[in-house]
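Everything on this sheet refers to the single structure shown next.
4 protein chains.
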Amino acid sequence: MPRTPEQFEKIREKMRKQIMNAALELFANEGYYTTSISKIAKAAGISKGLMYNYFDSKEELVMSLLKEGLNKLAELFDPNKDGVLTRDEFAFFVEKSFDAVIENPTYWRLYFSIMMQVGIYDMVKEMYASILKDTMQLLVDYYQKRGVKDPLGEALLFGAVMDGITMNYLLNPEMFPLEEFKQKVIDKFGYKN
Amino acid sequence: MPRTPEQFEKIREKMRKQIMNAALELFANEGYYTTSISKIAKAAGISKGLMYNYFDSKEELVMSLLKEGLNKLAELFDPNKDGVLTRDEFAFFVEKSFDAVIENPTYWRLYFSIMMQVGIYDMVKEMYASILKDTMQLLVDYYQKRGVKDPLGEALLFGAVMDGITMNYLLNPEMFPLEEFKQKVIDKFGYKN
Amino acid sequence: MPRTPEQFEKIREKMRKQIMNAALELFANEGYYTTSISKIAKAAGISKGLMYNYFDSKEELVMSLLKEGLNKLAELFDPNKDGVLTRDEFAFFVEKSFDAVIENPTYWRLYFSIMMQVGIYDMVKEMYASILKDTMQLLVDYYQKRGVKDPLGEALLFGAVMDGITMNYLLNPEMFPLEEFKQKVIDKFGYKN
Amino acid sequence: MPRTPEQFEKIREKMRKQIMNAALELFANEGYYTTSISKIAKAAGISKGLMYNYFDSKEELVMSLLKEGLNKLAELFDPNKDGVLTRDEFAFFVEKSFDAVIENPTYWRLYFSIMMQVGIYDMVKEMYASILKDTMQLLVDYYQKRGVKDPLGEALLFGAVMDGITMNYLLNPEMFPLEEFKQKVIDKFGYKN
DNA sequence: CATGAATGAGTCTTCATTCAT
DNA sequence: TATGAATGAAGACTCATTCAT
Chain A
-15 MPRTPEQFEK IREKMRKQIM NAALELFANE GYYTTSISKI AKAAGISKGL
35 MYNYFDSKEE LVMSLLKEGL NKLAELFDPN KDGVLTRDEF AFFVEKSFDA
85 VIENPTYWRL YFSIMMQVGI YDMVKEMYAS ILKDTMQLLV DYYQKRGVKD
135 PLGEALLFGA VMDGITMNYL LNPEMFPLEE FKQKVIDKFG YKN
Chain B
-15 MPRTPEQFEK IREKMRKQIM NAALELFANE GYYTTSISKI AKAAGISKGL
35 MYNYFDSKEE LVMSLLKEGL NKLAELFDPN KDGVLTRDEF AFFVEKSFDA
85 VIENPTYWRL YFSIMMQVGI YDMVKEMYAS ILKDTMQLLV DYYQKRGVKD
135 PLGEALLFGA VMDGITMNYL LNPEMFPLEE FKQKVIDKFG YKN
Chain C
-15 MPRTPEQFEK IREKMRKQIM NAALELFANE GYYTTSISKI AKAAGISKGL
35 MYNYFDSKEE LVMSLLKEGL NKLAELFDPN KDGVLTRDEF AFFVEKSFDA
85 VIENPTYWRL YFSIMMQVGI YDMVKEMYAS ILKDTMQLLV DYYQKRGVKD
135 PLGEALLFGA VMDGITMNYL LNPEMFPLEE FKQKVIDKFG YKN
Chain D
-15 MPRTPEQFEK IREKMRKQIM NAALELFANE GYYTTSISKI AKAAGISKGL
35 MYNYFDSKEE LVMSLLKEGL NKLAELFDPN KDGVLTRDEF AFFVEKSFDA
85 VIENPTYWRL YFSIMMQVGI YDMVKEMYAS ILKDTMQLLV DYYQKRGVKD
135 PLGEALLFGA VMDGITMNYL LNPEMFPLEE FKQKVIDKFG YKN
């Protein structure tokens, strides 16, 4: 008997995931340009042609990956959505952020490598910017409330620090004690009171 | 009358520079993989074939660029070579490092994008690591002398912060006030005393 | 409806033949190095890229051609596989060998030209050597049984003669009466009794 | 003081030899197509440009090599120029021919590899044919005088045998006892009487 | 005469994408 | 839906040859 539309949708969704998983793994480990569609298809256990049934192009595929990661990231911020960041939420955010990197280094490696590729990926930057804008405001308020002199500067610095730590960890996981850095960052950028 | 060896050497040196300048610009702005040898040759105003009279391969070209930048970088560290870092030298180093980025963002964009490329460029990582090792030791000593609890951790954190700031500046120069960050970093990681 | 694996196999087999035929013709008539992949593709009526769907490289292509011919050649020797060569089988072998050359001069021209190419093709030589070893032994026994003084030398000489005749025929088919040479060779190297 | 025209001529001749020697070695050992002009120039200890002062093209260079070898070969035939071949002269010719191969295998390897290359070969073919024509006639007369049934066929066969032996020796010098074959060939194709 | 920088056409090869089945 | 054969544009690289000095 024929499948219901819902079943079809489920199958499609599952296949999409399958392809994206394979692609993420390969892109992150072997690079975007050195990973061919053929390889991805093989890793995903499907034919090259079918790939294009799910993604219009290689570029769309990588964009989907980035978008997906981005959405996960967005959920980390201000979980209770009340527009105010408490000291505990700040600490929680730092911890969660690093945990995310530890749990899924592959994705973040992809993110950074793409971010540094100039040209095509300005689009991604916009996506990230729009997500980060709200969080930025939250942080600025946070620092202002604590009497920090240059709240915007401090917020930017904090973001840069998170990026720098993440990047260094990804480049050299076994040499870089990410776990220990959680507290260091919270102490240095959380402003107790 | 044939050219003298010196004349040939001069031609070679000049052309090498010409090619490397064109390549650096393109690699940094459009990425390593999306920049073709054709494009570089055209930008350098020469024929494709001539490129290979100066560099054995595209990879050797990019490596030469990185090596060159590396050597410039190396000169920044511990200028008086006495094996000890003073507070002033620390400040000087921070300022100089950021100045280097401001003056030559192209190179640093290349550096970061290559660093995040997987696979081929482990060699570059080793080169950088060997250069940075000494500086790392200098920093550890610096923090130890100032009674910082976890000197190695602090040194690593400092490095990560420098990287993060640089990266954010490169991605968004007009939004990221690198100049103002000099003092911030010195205050936060210089440990007065 | 997708094609069945069998259909795909059929397509592949047919196309492989098509490419190999075109390549054999060109390699043999214009030489390995002077025949470009482009030319082969055009002669086979396909795109350049498709070539690489069937053969990993130009070298693999020529190797496949040689292997194929080799296998055909192998079937000529000692057809009844009893390990002994009779006088009739000897005569039969000479005749068949020359017939093979007459019927498929293209292949043999390729074979000789590759054999004289230095460097890469030592591998081919090994393949041929391993095939010819058994036949050589057969011949040595043959001559020994007939009381020839230096059986190994005679066998080697016979081989050289076959090569020389073949080569001369290939270089100048209309001037070289290969057909008449069958009897001559049989008389001179067959040792009646 | 300026050199005399004769001195210039001498220098030119010497340089030509130098280049030809280097080229012969490389062509024979690494193949015509895989040997670049650059390599030859370096091996000859001169610049690429100067090469073209002595040879108009790579092709002219290889042709010169072949011509030179051809002339040496021609001297082997009918040394006393009386238009008649004696039994001793026949034997002498066989011995001398093989000695030439033993003494200068490099040249002969080149000769054979070029001979099997189509295209270029046709040009050389005529040169060889014209040289060999006289010798051929000599041989035909030789066999006719000795009552051989098919003198022309026998002469052709003899030529093919010489080629075959030479080729086998060149391909596998240590396995192929060329020295011993002298007598064998003389016995088999010299027709005592 | 002598050099090697410079050219440009040509080579092999790769790969995202399309399409007949 | 699913396959992989087929395409074609592009890429890295080579090399005989020319030419300014």
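Those protein sequence lines, which keep their order, are chains A, B, C and D. Mapping to the numbering used here: the first sequence position 136 is 120, numbers consecutive. Mapping to the numbering used here: the second sequence position 20 is 4, numbers consecutive. Mapping to the numbering used here: the third sequence position 116 is 100, numbers consecutive. Mapping to the numbering used here: the fourth sequence position 137 is 121, numbers consecutive. Even for Gly, the Cβ is constructed at its ideal location relative to N, Cα and C.
Contact set for residue i: own chain, Cβ-Cβ below 8 Å, skip 5 residues either direction
i: Leu10(C); result: Thr19, Lys23, Ile24 and Ala27
i: Thr90(D); result: Leu8, Glu9, Ala12 and Asn13
i: Asn5(B); result: Ala28
i: Leu49(B); result: Met4, Ala7, Leu8, Phe11, Tyr91 and Leu94
i: Glu110(B); result: none
i: Gln101(C); result: Tyr16
Nearest-angstrom beta carbon gap, residue j and residue i [assumed within contact, 8 Å]
i: Tyr112(D); j: Leu54(D); result: 7 Å
i: Leu194(A); j: Lys80(A); result: The requested residue 194(A) is not part of the displayed model; chain A covers only -15 to 177.
i: Phe142(C); j: Leu122(C); result: Phe142(C) to Leu122(C), Cβ: 11 Å. No contact.
Residues near residue i in its chain [Cβ-Cβ closer than 6 Å; skip 5 each side]
i: Phe82(A); result: Leu162 and Lys166
i: Ile149(C); result: Phe165
i: Val169(A); result: Val78
i: Leu45(D); result: Ala7 and Phe39
i: Glu(-7)(D); result: none
i: Thr(-12)(A); result: none
First and last residue of the uninterrupted alpha helix (DSSP H) at residue i
i: Phe96(D); result: Pro89 to Met100
i: Ile24(D); result: Ile21 to Ala28
i: Thr150(B); result: Pro135 to Leu155
i: Met35(A); result: Lys32 to Tyr38
i: Gly15(C); result: Here Gly15(C) belongs to no alpha helix (DSSP H), and DSSP marks it neither H nor E.
i: Leu50(C); result: Lys42 to Leu60
i: Lys172(C); result: Leu162 to Gly174
Listed by chain order, chain D residues near residue i by CB distance under 9 Å
i: Glu9(C); result: Result: empty, since nearest Cβ-Cβ is about 11 Å, beyond 9 Å.
i: Lys23(C); result: Per Cβ cutoff of 9 Å: no residues; Lys23(C) is ~13 Å from chain D at best.
Amino acids of chain C, ordered along the chain, whose beta-carbon sits closer than 8 Å to that of residue i
i: Val85(D); result: Going along chain C, no residue has its Cβ under 8 Å from Val85(D), so there is no contact; the nearest lies around 12 Å.
i: Tyr127(D); result: Per Cβ cutoff of 8 Å: no residues; Tyr127(D) is ~12 Å from chain C at best.
i: Glu32(D); result: Here the sequence assigns Lys to residue 32(D), which means Glu is not the residue at that position. Those within 8 Å of Lys32(D) in chain C number zero; the least Cβ separation is about 21 Å.
Own chain residues within Cβ distance below 7 Å of residue i, not counting five before or after
i: Ile86(A); result: Leu162
i: Lys42(B); result: Ile21
i: Phe160(A); result: Asn152 and Tyr153
i: Met120(D); result: Ala139
i: Gly67(A); result: none
i: Tyr36(D); result: none
i: Leu136(A); result: Val124
i: Ser31(B); result: Ala25
Cβ pair residue i, residue j closer than 8 Å
i: Tyr182(D); j: Arg0(D); result: Not covered by the structure: residue 182(D). The range shown for chain D is -15 to 177.
i: Val132(B); j: Tyr175(B); result: yes
i: Ser97(A); j: Gly29(A); result: no
i: Ile115(B); j: Leu57(B); result: yes
i: Met99(D); j: Leu69(C); result: no
i: Lys129(A); j: Lys172(B); result: no
i: Tyr127(C); j: Phe74(C); result: no
Contact list for residue i against chain B, beta-carbon separation under 9 Å
i: Val145(A); result: Leu141, Ala144, Val145, Gly148 and Ile149
i: Glu164(A); result: Asp134 and Gly137
i: Leu123(A); result: Result: empty, since nearest Cβ-Cβ is about 14 Å, beyond 9 Å.
i: Leu155(A); result: Met99, Met100 and Lys109
Residue i: contacting residues in chain A (beta-carbon distance under 7 Å)
i: Ser97(B); result: Met100 and Gln101
Within chain D, the residues that residue i reaches when beta carbons sit closer than 7 Å
i: Lys168(C); result: Gly137 and Leu141
Interface partners of residue i on chain C, CB under 7 Å
i: Phe160(D); result: Leu140
i: Lys42(D); result: The premise fails here: Lys42(D) is roughly 12 Å from chain C at the closest Cβ pair, so nothing lies under 7 Å.
i: Lys176(D); result: Neighbours of Lys176(D) on chain C: none; closest Cβ ~15 Å, over 7 Å.
Closer than 8 Å at the beta carbon, the chain B residues around residue i
i: Asn152(A); result: Leu140, Gly143, Ala144 and Asp147
beta-carbon residue i near the ligand MG non-hydrogen atom, thresh 7 Å
i: Phe165(C); result: Looking at this structure, you won't find the ligand MG or any other ligand, since it has none at all.
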